[in-house]
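Engineer: Got a structure for you, questions after.
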Amino acid sequence: MKENINILVLDENPDIVENVQIILEKRGYKVEGFLDPVKALDFLVKGKIKPDLILSDIKMPNLNGYEFYKRVNKHPQTSNIPFIFISGKSKPDEIRIGKRLGVDDYITKPFTEEDLLSVISGKVRRYRRNLAVQKGLIKRLEVMKFMTSPSISLDQKDKLFFLYMKWDEKEGAKLAKYYPNKKIDHPSLTEVGNQLFQAFNSIYKPKELSKNFSETILVTLKNINKKAYLNYFKKEGTKTSEIIMLGIIAPEISYLHSLRLEQIFEEIKNSIIHSTEWNIKEYWKKALKILGTNPL
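Start counting the sequence shown at 227; every next residue gets the next number (our numbering).
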């Protein structure tokens, strides 16, 4: 039985919705079926229970599946829900459009019960695992969940630190780059980085992380009375892979500021993955500019 696993099914054909509902409920899933994408979107945004997966047709009047996906993806509370397109066509261009938008998978009609259950179980399993990981991070690292908008003043720039660390299985956390080149009060940057990596490793299993793994979190560092915005990701090498941590540490980092800082991490991550040069001091300046202004 798939206890408390909720699936949203959207298709203009009531027979399709009913058949999928029968298949899934027989296996223990809870299903909400919709014929109208507008009503489905309203349920997603306003409903108290969020589905663990969305199955949506593409060819629908008024609002097609692509537009429905875009609207779902705009809402923070629904943007991470696994999304699978159902379509009566298997044209390569439709598949490319779906993948370009970022949908998780694509299944064509007619499909077998086995195909449907297989694609759903894999996506739900990963989604549930990610939720469990996030809850663990909240407990261990006190992830900031509320939206605030304080900013640091320019005269606090000496309290803003940018660090780039690598995890070594034998030696632990290694500080590859940091700016400014001085220690914070106590403990040192290396010690702070080690603590953050230890917390990370207690939740994730580095050897089991996928090739494209990337996770960003906003945390409170009580021992030094600061906030940290962190990005963990995996870099694959020709023979080995390594876990990277990028971190911005400041007296205060609001949730809204973190959304803007994420672009900095994306740029640096791209440079690291492709082994191109990047200047940590320049990115420190960008972070200072972001944190020193109103995020709205």
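Just so you know, even glycine gets a beta-carbon here, dropped at the ideal spot from N, CA and C.
(1) For Leu236 and Lys272, I'd like the C-alpha separation in whole angstroms.
(2) Measuring alpha carbon to alpha carbon, tell me which of Lys256, Lys452, Gly291 and Ala513 ends up nearest Ile310.
(3) For Leu261 versus Arg297, is the C-beta spacing smaller than 9 angstroms?
(4) Who are the Cβ neighbours of Ile275 in its own chain at under 8 angstroms, not counting the five residues just before and after it?
(5) Quick check on Tyr509: buried or exposed, where buried means 16 or more other Cβ atoms within 10 Å of its Cβ?
(6) Looking at C-alpha atoms only, which residue of Gly419, Phe388 and Leu389 is the closest neighbour of Glu397?
(7) Just checking my contact of Leu289 with Val264 at CB under 8 angstroms: how many whole Å lie between their CB atoms?
(8) Runs of 4 residues minimum, wholly inside the stretch 275-314: which ones carry the alpha helix (DSSP H) assignment?
(9) Pull up the distance between the alpha-carbon of Lys433 and that of Asn451, whole angstroms please.
(10) If you reduce the DSSP assignment to three classes, tell me which class Thr416 lands in.
(11) For Gly473, does the count of other Cβ atoms within 10 angstroms reach 16, so buried, or fall short, so exposed?
(12) What does the alpha-carbon distance come out to for the pair Met471 and His301?
(13) Starting from Ile499 and walking both ways along the alpha helix (DSSP H), at which residues does that stretch end?
(14) Go ahead and pull the three-state DSSP assignment for Pro376.
(15) Check whether the stretch 338-349 touches the stretch 436-453, counting contact only when three or more Cβ pairs, one atom from each stretch, lie closer than 8 angstroms.
(16) Hey, how far is the Cα of Leu250 from the Cα of Asp381?
(17) Do Asn520 and Phe491 have their beta-carbon atoms positioned less than 9 angstroms apart in this structure?
(18) Look at the alpha carbon of Ile506 and the alpha carbon of Lys431, and state the distance between them as a whole number of angstroms.
(19) Ignore the nearest five residues each way along the sequence and tell me which others in Lys495's own chain have a CB closer than 6 angstroms to its CB.
(20) Can you have a look at Thr304 and say buried or exposed, based on whether 16 or more other CB atoms are within 10 angstroms of its CB?
(21) According to DSSP, simplified to helix, strand and coil, what is Lys437?
(22) Measuring straight from C-alpha to C-alpha, what distance separates Thr502 and Glu493?
(23) Is the separation between the beta-carbon of Lys453 and that of Ala476 shorter than 9 angstroms?
(24) So, helix, strand or coil for Asn232, using DSSP?
(25) Would a C-beta distance cut-off of 9 angstroms place Asp283 and Asn239 closer than the cut-off?
(26) Kindly indicate which three-state DSSP category Glu368 falls into: helix, strand or coil?
(27) How big is the Cα-Cα spacing for Ser313 and Ile429?
(28) Could you name the residues that DSSP lists as bridge partners for Ile469?
(29) Output the distance between the C-alpha atoms of Ile443 and Ser414, rounded to the nearest integer angstrom.
Structural biologist: The short version:
(1) 17 angstroms
(2) Gly291
(3) no
(4) Asn232
(5) buried
(6) Gly419
(7) 6 angstroms
(8) 291-300
(9) 32 angstroms
(10) helix
(11) buried
(12) 27 angstroms
(13) Tyr481 to Ile499
(14) Unreliable positioning characterises Pro376 in this predicted model, as indicated by a pLDDT of 44, which lies under 50. A coordinate reading is not provided.
(15) no
(16) 59 angstroms
(17) no
(18) 28 angstroms
(19) Phe459
(20) buried
(21) coil
(22) 11 angstroms
(23) yes
(24) strand
(25) yes
(26) For Glu368, the predicted model reports a pLDDT of 48, less than 50, meaning its position is unreliable and no value from the coordinates is stated.
(27) 38 angstroms
(28) Trp393 and Lys460
(29) 21 angstroms
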